[in-house]
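Peer 1: What the sequence shown shows, in the numbering used here, is residues -2 to 364, in sequence order. Where a beta carbon is used, it is the ideal one built from N, C-alpha and C, also for glycine. Fair warning: this is a prediction, and the values are worked out from it, not measured in the lab. The following block contains the structure, expressed as structure tokens.
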Amino acid sequence: MIRFLDLKRINSEFENEFKDVFGNFLNSGKYVLDKHVESFETEFADYCGVKYCIGVSNGLDALRLIFEAYKILGKLQVGDEVIIPANTYIATILAVNSVGLKPILVDPTEETFNIDPAKIKRKLSLKTKAILGVHLYGQLYDVNALENISRNKELLLIEDAAQAHGATFLDGRKAGNLSDAAAFSFYPTKNLGALGDAGAVTTNSEELASTIFKLRNYGRSSTYVNDFKGFNCRLDEIQASFLRIKLRRLNDHNQKRQEIAVKYLSAIKNLNIKIPECDNINQHVFHLFVIRSENRNKLKDYMFKNGVETLVHYPKAIYKQYAYQELNGVDLPTTNKLHEEILSVPLYQALQANEIEKIIFLLSSFE
């Protein structure tokens, strides 16, 4: 069976380095917010091309802390509306709701799965104060369009970059440096994945960074001095040490993902399957390779019976979840259609050549 994602295989190349750094960590006696967190923050900020990186506990908390900080800074207040894509993981909307803001769902384009800029304009109101764009599946949203809308309407622009580590815009800017602030997840399945939960915020705003540095650690400005009602959302020292090791090879691994994607894009030939569209390969780091078929469930079963595990990202839209019953009546036809057709096939840097060829053969042979 070709597994959808084999984390043991992915992390095997780092095993000796992980063991060494863990031994040093254990012997240091310093386990919270020490040199590895500080060094990773510097290194990841440099990688993204931003001034500040704040290591936090996970991607959801990264988003939540951005919104909380903007409330403290007076740029957002309870009840303000935030534009978000309807086609995203539930963490995106949870972050908005958790701080008392109102999410306004917008359909994606069928071609990119990302939020449709033309439809954003129809959802703007006097209460709209921010756009939360998601680089879904590893592909950058329409950067120019969202920047123009946010600039013209004087809105905050925030990136959910949880799936797009290293994705690079045409002008050389990376995900994490395409907005006022960005949230990253380093969940183990990500292109840059820790060995547990981890996340980060990136920004060029000193004011915002300073506020989030405090918020993540009980709102403290110094020991037992608390400026805000904060949280315990710190990045683990040991996870930071692992991330530092893996960050050094992120570009190589993204390139390998892109090479596999190019093979898929050029070699999968099947009128029953729609392959994803990508205008520029550098703008997509293929966290997921998502195809579409009107016979999705049949295709999924076919792949499994022939030894290939696939997944659906995501099987149920956020506004159809029981947790969001109040949104069940919204009309989002493109999202509805996509959720009936999408299927993610294996794509990660440790896939072997024979596995890649088998996946291509099976997809091309499906009837």
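Closest by CA to A311, which one among G169, L324, I288 and E323?
Peer 2: It should be noted that the sequence gives Tyr, not Ala, for residue 311. If we check each option's Cα against that of Y311, I288 comes out closest.
Peer 1: Can you name the start and end residues of the beta strand (DSSP E) that K99 belongs to?
Peer 2: Unbroken beta strand (DSSP E) run through K99: K99 to V103.
Peer 1: If K120 sits next to I101, beta carbons under 8 Å apart, how far is it from one beta carbon to the other, in whole angstroms?
Peer 2: Confirmed, Cβ separation roughly 5 Å.
Peer 1: Since A178 is in the beta strand (DSSP E), which residue starts that stretch and which ends it?
Peer 2: A178 to S182 is the span of the beta strand (DSSP E), which, as asked, contains A178.
Peer 1: Looking at C-alpha atoms only, which residue of I315, L324, E38 and Q322 is the closest neighbour of L335?
Peer 2: The shortest Cα separation from L335 among I315, L324, E38 and Q322 belongs to I315.
Peer 1: Please name the residue in K243, I7, I356 and Q252 whose C-alpha comes closest to that of Y299.
Peer 2: Considering only alpha carbons, the answer is I356.
Peer 1: I think N267 touches N292, with their Cβ atoms under 8 Å apart; what is that distance to the nearest whole Å?
Peer 2: The Cβ separation is near 11 Å, so there is no contact.
Peer 1: For N251, which residues in the same chain have their Cβ closer than 7 Å to its Cβ, ignoring the five residues on either side in sequence?
Peer 2: Correct list, in chain order: G163, N188 and V282.
Peer 1: Our contact map puts Q136 next to Q280 with C-beta atoms below 8 Å; I'd like the distance itself, whole angstroms only.
Peer 2: Sure, about 6 Å apart at Cβ, within 8 Å.
Peer 1: Are the stretch 252 to 264 and the stretch 335 to 354 in contact at 8 Å, needing three or more beta carbon pairs?
Peer 2: The answer is yes - the stretch 335 to 354 touches the stretch 252 to 264, with three or more Cβ pairs under 8 Å.
Peer 1: Fully enclosed by the stretch 253 to 333, which beta strand (DSSP E) runs are 3 residues long or longer?
Peer 2: Those beta strand (DSSP E) runs which fall completely within the stretch 253 to 333 and span 3+ residues are 286 to 289.
Peer 1: For the stretch 12 to 27 against the stretch 151 to 160, do three or more pairs of beta-carbon atoms, one drawn from each stretch, fall closer than 8 Å, so that the two count as touching?
Peer 2: No, because fewer than three Cβ pairs between the stretch 12 to 27 and the stretch 151 to 160 fall closer than 8 Å, the two stretches do not touch.
Peer 1: Going by DSSP, what residue range makes up the alpha helix (DSSP H) through E10?
Peer 2: Run containing E10: none; DSSP gives neither H nor E here.
Peer 1: May I ask you to list the residues that DSSP assigns as paired with R217?
Peer 2: N223, per the DSSP bridge assignment.
Peer 1: Suppose you measure from the CA of S218 to the CA of G227; what does that come to, to the nearest Å?
Peer 2: Computed Cα separation, rounded: 11 Å.
Peer 1: In chain order, what residues of the same chain have a beta carbon less than 6 Å from the beta carbon of K271, not counting five sequence neighbours either side?
Peer 2: R289.
Peer 1: Buried or exposed: R245, going by 16 or more other Cβ atoms within 10 Å of its Cβ?
Peer 2: Classification for R245: exposed.
Peer 1: According to DSSP, is T89 helix, strand or coil?
Peer 2: Residue state, collapsed to three classes: helix.
Peer 1: Got a sec, what are the start and stop residues for the beta strand (DSSP E) I339 sits in?
Peer 2: Its beta strand (DSSP E) spans residues I339 to V342.
Peer 1: For C275 and P105, I'd like the C-alpha separation in whole angstroms.
Peer 2: Each residue's Cα considered, the two are about 15 Å apart.
Peer 1: Taking only three categories from DSSP, how would you classify D233?
Peer 2: Here D233 sits in strand by DSSP.
Peer 1: Do V103 and I112 count as a contact pair if the criterion is CB distance below 8 Å?
Peer 2: Yes, these two residues count as a Cβ contact at 8 Å.
Peer 1: What are the boundary residues of the beta strand (DSSP E) that T208 is part of?
Peer 2: First-last for T208: E203 to L212, but that is the alpha helix (DSSP H), not the beta strand (DSSP E).
Peer 1: Which residue wins for smallest C-alpha separation from L70, given the options E203, N351 and Q236?
Peer 2: The residue with the shortest Cα to Cα distance from L70 is E203.
Peer 1: With a threshold of 7 Å on Cβ separation, who are the neighbours of L62 within its own chain once the five nearest residues in sequence on each side are excluded?
Peer 2: So the list reads V53, V198, I209, L212, R213 and C230, once near-sequence residues are dropped.
Peer 1: Whose C-beta lies closer than 7 Å to the C-beta of S122 among residues of the same chain, with five residues either side of it excluded?
Peer 2: Cβ neighbours of S122 beyond the five flanking positions: E78.
Peer 1: Under 6 Å Cβ to Cβ from N50, same chain only, skipping five residues before and after it: list those, please.
Peer 2: Residue 50 is actually Cys in this sequence, not Asn. Closer than 6 Å at Cβ, skipping near neighbours: E38, F41, A42, A197 and T199.
Peer 1: Short of 8 Å in beta carbon distance, which residues of its chain neighbour M(-2), apart from the five on each side in sequence? Order them along the chain.
Peer 2: For M(-2), where only same-chain residues beyond five positions count, the Cβ hits under 8 Å are G304, V305 and E306.
Peer 1: If we require 3 or more residues per run, which beta strand (DSSP E) segments fall completely within the stretch 5 to 85?
Peer 2: Counting only runs of 3 or more, we get 49 to 53 and 78 to 82.
Peer 1: Quick one: Cα of D177 to Cα of L30, how far?
Peer 2: D177 and L30: Cα-Cα distance of roughly 25 Å.
Peer 1: Measure the alpha-carbon distance for E65 versus A350 and round it to whole angstroms.
Peer 2: In a straight line, the C-alpha of E65 is about 46 Å away from that of A350.
Peer 1: Can you tell me whether G135 is helix, strand or coil according to DSSP?
Peer 2: If DSSP states are grouped into helix, strand and coil, G135 belongs with the helices.
Peer 1: In chain order, what residues of the same chain have a beta carbon less than 7 Å from the beta carbon of F166, not counting five sequence neighbours either side?
Peer 2: L137, V140, L175 and Q280, listed in sequence order.
Peer 1: Tell me which residue opens and which closes the beta strand (DSSP E) that I357 is part of.
Peer 2: Where I357 is concerned, there is no enclosing beta strand (DSSP E), although the alpha helix (DSSP H) it sits in stretches over A350 to S362.
Peer 1: Bridge partners for I(-1) per DSSP, in chain order?
Peer 2: Beta-bridge pairing links I(-1) to V305.
Peer 1: Got a sec? Which residues, its chain only, sit under 8 Å from K260 by beta carbon, not counting five neighbours each side?
Peer 2: Excluding residues within five positions, the ones whose Cβ falls inside 8 Å are I353 and I357.
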